[in-house]
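Okay, structure first, notes after.
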Amino acid sequence: MASPGINGVEQLNGFNRTRMISSVVHKALSQILQNKISDPRIVQTTITEVELSKDMKLAKVFVTSSESEQALQTSIEQLNRARSYVRRCLSDHIELKYIPALRFVADEVPTRSSRVLELIDQASSSMDEY
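First residue of the sequence shown? That's 73 in the numbering used here, and the numbers climb one at a time after it.
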């Protein structure tokens, strides 16, 4: 059963609704990161995914950086320190009954993907030698 949604978009109850709101939160946080935060320690940081709890009161925000692993950890620390400010900015961008509490964490997928590709290249090189 559909119900009126955020910004005039119809939404479905349950999982689809959570996924849609996650997408809206993701877009809003990306804009906030780009336009509202000027901390040089958070440069080159990208939000890759937002995972909302079922009650939508907690958002786990996955981030990655094109910089080093140390730069990513510094960015995450700074984002977690600024999360109350980011949450206030988020409340200005979207209308929800509850603005989720934010927790920024490193996204391991790009690192794992790079490692898998590296292993495939090594295996391919080994096969070429035979």
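Glycine is no exception: its CB is placed at the ideal position from the N, C-alpha and C atoms.
Per DSSP, what kind of secondary structure is residue i in: helix, strand or coil?
i, result
"Ser137", "strand"
"Lys99", "helix"
"Ala173", "strand"
"Val115", "coil"
"Glu123", "strand"
"Leu162", "helix"
"Leu144", "helix"
"Leu130", "strand"
"Ala154", "coil"
For residue i and residue j, I'd like the C-alpha separation in whole angstroms.
i, j, result
"Tyr170", "Met92", "15 angstroms"
"Leu130", "Glu139", "27 angstroms"
"Gln116", "Leu144", "9 angstroms"
"Thr90", "Arg113", "31 angstroms"
"Val158", "Asp164", "10 angstroms"
"Ile192", "Val181", "16 angstroms"
"Ile104", "Arg160", "10 angstroms"
"Met128", "Ser196", "45 angstroms"
Here's a check: name, in chain order, each residue in its chain whose Cβ is nearer than 7 angstroms to the Cβ of residue i, leaving out the five neighbours to either side.
i, result
"Asn88", "none"
"Gln106", "none"
My assumption, with CB atoms under 8 angstroms, is that residue i sits in contact with residue j. Please give the rounded CB distance.
i, j, result
"Leu174", "Val133", "6 angstroms"
"Val135", "Thr120", "7 angstroms"
"Ala154", "Ile109", "7 angstroms"
"Glu123", "Ser94", "7 angstroms"
"Ile166", "Val97", "7 angstroms"
"Asp111", "Gln142", "Not a contact, Cβ separation roughly 16 angstroms."
Can you list, in chain order, the residues of its chain with a C-beta nearer than 6 angstroms to that of residue i? Leave out the 5 residues immediately preceding and following it.
i, result
"Leu162", "Ala100, Ile171"
"Asn152", "Phe176"
"Thr118", "Thr136"
Here's a check: name, in chain order, each residue in its chain whose Cβ is nearer than 8 angstroms to the Cβ of residue i, leaving out the five neighbours to either side.
i, result
"Lys126", "Thr90"
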